[in-house]
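Residue numbers (the numbering used here): 217 to 417. See below for the structure under consideration.
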């Protein structure tokens with residue numbers, strides 16, 4: 217039995233013994249993990265033990281989220297030397313209120329095996345642009361950023377990947393960049409041992 221308290225109410229969720237119940241539901245990442253207020257978008261949650269996920273638990277968050285489907289990630293080729301738990305992909309439909317305050321909000325998945333850990337979903341005021349599906353790993357294929365301020369949702373899909381972005385500046389102009397990870401390091405709010413520390417250059 218797991219007990220969640222939100223908005224003055226106590227919700228008790230009970231789960232019976234199910235096959236594979238020893239597989240604790242765990243979220244590894246969410247992409248994209250940022251969205252502009254007043255928008256609706258699809259996010260994909262990667263993790264293990266998420267089969268049968270039926271709902272999204274958000275505490276005091278100015279958004280609604282619904283599970284659209286659950287798939288299995290294709291196995292690695294070649295297979296890793298050390299077997300890993302199967303990776304589940306949960307598609308979420310997220311709608312952010314038009315008056316939502318900017319900030320980070322924790323989301324969890326409700327599964328037949330219990331409630332998952334939490335990872336943050338960021339609500340922003342600025343427009344959010346998703347990186348294109350085509351490769352942009354060289355200066356020649358860099359994604360052109362046409363205006364500032366802007367927020368770019370990017371993803372490092374494999375080890376050693378580098379994404380390039382290009383933009384124009386004029387003399388005397390100062391532009392500030394910041395990179396945030398949707399997979400916070402161990403010890404950070406919502407963090408885990410598989411934390412990711414991206415870098416800019």
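Every residue gets a Cβ at the ideal spot worked out from N, C-alpha and C, and that includes glycine.
Check: Rounded C-alpha distance that separates residue 415 from residue 315; Outcome: 32 Å
Check: Within 8 Å, strictly: CB atoms of residue 304 and residue 266; Outcome: yes
Check: Residue 284: first and last residue of the uninterrupted beta strand (DSSP E) it sits in; Outcome: 279-288
Check: DSSP bridge partner residues for residue 417 (one or two, in chain order); Outcome: Paired residue(s): none; residue 417 is not in a bridge.
Check: Burial state of residue 306, where buried means 16 or more other Cβ atoms lie within 10 Å; Outcome: buried
Check: Residue environment, residue 324, which counts as buried when at least 16 other CB atoms sit within 10 Å; Outcome: buried
Check: Contact set for residue 340: own chain, Cβ-Cβ below 8 Å, skip 5 residues either direction; Outcome: 250, 251, 252, 253, 318, 367
Check: Distance cut-off 7 Å: residue 351 Cβ against heavy atoms of the ligand ADP; Outcome: Among the components modelled here there is no ligand, and therefore nothing to report on the ligand ADP.
Check: Host beta strand (DSSP E) of residue 336 (start-end); Outcome: 335-340
Check: Top-ranked residue by Cα proximity to residue 365, from 352, 345, 371; Outcome: 345
Check: Residue of 289, 274, 270 minimising C-alpha distance to residue 330; Outcome: 270
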